[in-house]
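Scroll down for the structure; my scribbles are underneath it.
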Amino acid sequence: MKLEAIKNFTAGQARIITKNKFGVFGSVVLLFFGLVGILTPWLAPHDPWVSLYGADGCLAMLRPPCLEFPLGTTIMGRDILSQMVYATRTTVLIGLVSGLISIIIGANFGLLSGYYGGKLDEILMRFTDIVYGMPFLPFLIVLIALFGRSLWFVIIAICCIVWRTSARVIRAQTLAIKQRQFILAAKARGCSNFRIIYKHIMPNLLPLLLLYTSFNIAWSILAEAGASFLGFGDPSNLSWGGMLYNLWISGKVRTAWWWFAWPSICIILLVSSLVFISRAYEEIANPRLKQR
Amino acid sequence: MKRILLEIKNLKTSYRTEKGTVKAVDGVTLYIKENEVFGLVGESGCGKSTLIRSIMRLLPQSAQMTAEMLRFSGYDLLSMTESEFREKILWQEISLVPQSAMNALNPVYRVGNQIMEAIRAHREDDKVERVRKTEDLFHLVGLQSAFMKSYPHELSGGMRQRAMIAMSLVLEPALIIMDEPTTGLDVLVQERILRKLKLIRQTWMERSGATASILLITHDISVIAEMSDRIGIMYSGQLMEMASAMDLFYEPYHPYTLGLKNSFPSILALDSDLISIPGAPPNLIEEIPGCVFAARCPFAIPECREIRPEFREVKPDHFIACIRTDHVEDFRRLAGVKSTWQS
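Residue numbers (the numbering used here), protein chains in the order written: chain A, 290 to 581; chain B, 33 to 375.
Below is the structure:
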């Protein structure tokens, strides 16, 4: 029964996404990066941190894409393809973890605030307003200054910021659903508040929740790339933004086009694929979009 | 003599708003007997829905409810805690078919599952038993059991209505509250549902041996006339008259009841114009010292505007809130004349 329910759910979601051409494109790209993230150690041809020597016996420094090094090498003679593969894992991990955590925080803030209203709503929403006033980078810099550079601080900093938008939107939608007749009927049936919130209101918000999940993931990936590019990332966990940072400090931006091309293209591809998937969900959450 | 199931004395509910306190229910006293259909009629906005929400504790936070007495078959509802009320009374003893019952089903769950949820919340039956019970009720209300697996949007309005009725019966409650069960449906479906409702109630009582009272709320007096044993007439948050259906239709006392009877077309007198009550119900924020109907009442005397009439028993089982009962014969005659209401 449970398994069947999960199967039905996945089939339903797949239907929503594949209805839209961009949604299909987005999910293919997402699936590709997801697989690369999982299969990283088997896919990377070299150790991303080792300086390599070419067939000619020289240090393979700043080689443009060729048969030996399909995506070129860095100034230290490291293979960019291997770096890209390892960076995919970091980026996907950060995107998924902080995207999911932030939607969980945001959804609960929105649901509780919208459902209970009154004082709790006031407290939660004023807190959200305060978070709206918090800039991401200075917050991350303070965290790093206090605790040192680590992947987890980047994730924490992203989570602390990204949830705010989803909280507001979900609160607004909860306010609307709360007024519907079936909620009154559920109350009359003796359902507890907890049950009404999570069993009766939340499933009605599912398209919106999924939409904001993909938004949040996209935002997290961009935020991480930005932070890493500015040198606030985790140096031991290579990410696409971190690769761009290494390029920047090497001073070879003008000559080594391959060094910035691949990470940039991948960032754009992954984020836009998530936006395309959101778009497919948005048509469910807001059917008027389809008619335009 | 039937026993009394629900007894309400002087129930008041008010909403706090920015403009002031709205007294939606202002001192309602009524009782519902075991095994009867009690009809509550009133114009839109007269406090019918607030009254039932007060009984079922479904009021929003901005509302405040007080009552001298609120008893339900041996339980004192006023002294019950929130969780006690939810476990013992809600749906077990009092169930609700909400207003526009067509929208009372959650669109994301299958209809059958929602009914089974009601069972699961209150009884420890196993799954097989739950399914059996639900199937049974579906047959009773005339739906094929295949529809248990449907989502609400796959059913027609009338079918959803019947599914809601099935849901209200599932725990065999002693009182079923139906809030305007036929509003928004066309006349033919209305008729069918009312007839069905009667039949369902009969079969159900015969089979389960349980008694079921219905509190039927509507602004449609013809629905009430067809269904009810006893009737209460509500106006502006107060009960004007309460009597058996026979008494109320053939020997009404209150001028408002007389006026209300006039404003519905009669099939026997097609050519005569409808006589309506002039004016509009009073604003519920204002404090009205006397009778709330005095401003629109053709028989009002100065005293009516000063003293609030007591809700008293003029005949066994016939209550009214009007001081002018002595001239009731004249009133009944005059109420049928159009010029009475126009002056």
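Heads up, the beta-carbon is just placed ideally off N, CA and C, and yes, glycines get one too.
Under the three-state reduction of DSSP, residue 274 (chain B) is assigned to strand.
In this structure, the CA atom of residue 308 (chain B) is about 21 Å from the CA atom of residue 263 (chain B). For residue 170 (chain B), the enclosing alpha helix (DSSP H) stretches over residues 159-172. As summarised for the region 401-443 of chain A, the continuous alpha helix (DSSP H) elements at least 4 residues long and confined to that stretch are 407-421, 425-436, given in chain order. Collapsing the DSSP output to three states places residue 457 (chain A) in a helix. In the DSSP assignment, residue 347 (chain B) falls within the unbroken beta strand (DSSP E) covering 344-347. The C-alpha of residue 171 (chain B) lies about 41 Å from the C-alpha of residue 406 (chain A).
Residue 471 (chain A) has a beta carbon lying within less than 9 Å of a beta carbon in chain B. By the beta-carbon neighbour count (other beta carbons within 10 angstroms, threshold 16), residue 523 (chain A) is buried.
Residues of the region 83-113 of chain B with a Cβ closer than 7 Å to any Cβ of chain A, in chain order: 88, 90, 93. DSSP, reduced to helix, strand and coil, places residue 241 (chain B) outside both helices and strands of the structure shown, so it counts as coil. Residue 311 (chain B): not part of any alpha helix (DSSP H); DSSP gives it neither H nor E. Within the region 125-144 of chain B, contact with chain A at the beta-carbon level (separation under 9 Å) is assigned to 126, 127, 128, 129, 130, 131, 132, 133, 134, 135, 136, 137, 138, 139, 140, 141. Annotated three-state conformation of residue 65 (chain B) is strand, per DSSP. In its chain, beyond the 5 residues on either side, no residue has a beta carbon closer than 6 Å to the beta carbon of residue 461 (chain A). With the rule of 3 Cβ pairs closer than 8 Å, the region 541-550 of chain A does not count as touching the region 291-310 of chain A.
Taking a C-beta distance under 9 Å as the contact criterion, residue 293 (chain B) and residue 253 (chain B) qualify as a contact pair. Taking C-beta atoms under 8 Å as the contact rule, residue 74 (chain B) and residue 80 (chain B) qualify, at a distance of about 5 Å. Take residue 307 (chain A), set aside five residues on each side of it, and the residues of its chain with a beta-carbon closer than 6 Å to its own are 313, in chain order. According to DSSP, residue 95 (chain B) shares a beta bridge with B:47.
Contact between residue 517 (chain A) and residue 530 (chain A) holds, since their C-beta atoms are separated by about 3 Å, short of 8 Å. Within chain A, the residues whose beta carbon sits less than 9 Å from that of residue 154 (chain B) are 478, 479, listed in sequence order.
According to the DSSP assignment, residue 325 (chain A) belongs to the alpha helix (DSSP H) that extends over 310-327.
Residue 351 (chain A) and residue 538 (chain A) have their C-alpha atoms roughly 14 Å apart. Distance check between residue 250 (chain B) and each of B:67, B:71, B:43 places B:71 closest, using alpha-carbon atoms only. With 16 or more neighbouring CB atoms inside 10 Å of its own CB, residue 533 (chain A) falls in the buried class. Under the 8 Å Cβ criterion, the region 222-233 of chain B does not count as touching the region 135-154 of chain B, having fewer than three qualifying pairs. Nothing from the region 227-259 of chain B brings a Cβ to less than 8 Å from some Cβ of chain A.
At a C-beta separation below 7 Å, residue 118 (chain B) has these neighbours in chain A: 479. Separation of the CB atoms of residue 206 (chain B) and residue 37 (chain B) is rounded to 6 Å, and the pair is thereby assigned contact status at 8 Å. Chain B has no Cβ within less than 9 Å of the Cβ of residue 359 (chain A).
Contact with chain B is absent for residue 335 (chain A), since none of that chain's Cβ atoms lies less than 9 Å from the residue's Cβ. Residue 278 (chain B) is classed as exposed because its beta carbon has fewer than 16 other beta carbons within 10 Å across all chains shown. The region 194-209 of chain B makes contact with the region 149-157 of chain B, as at least three CB pairs between them are under 8 Å.
For residue 381 (chain A), the CB contacts under 7 Å within the same chain, skipping 5 residues up- and downstream, are 322, 323, 326 in chain order. Contacts between residue 492 (chain A) and chain B, judged by CB atoms closer than 7 Å, involve 140 in chain order.
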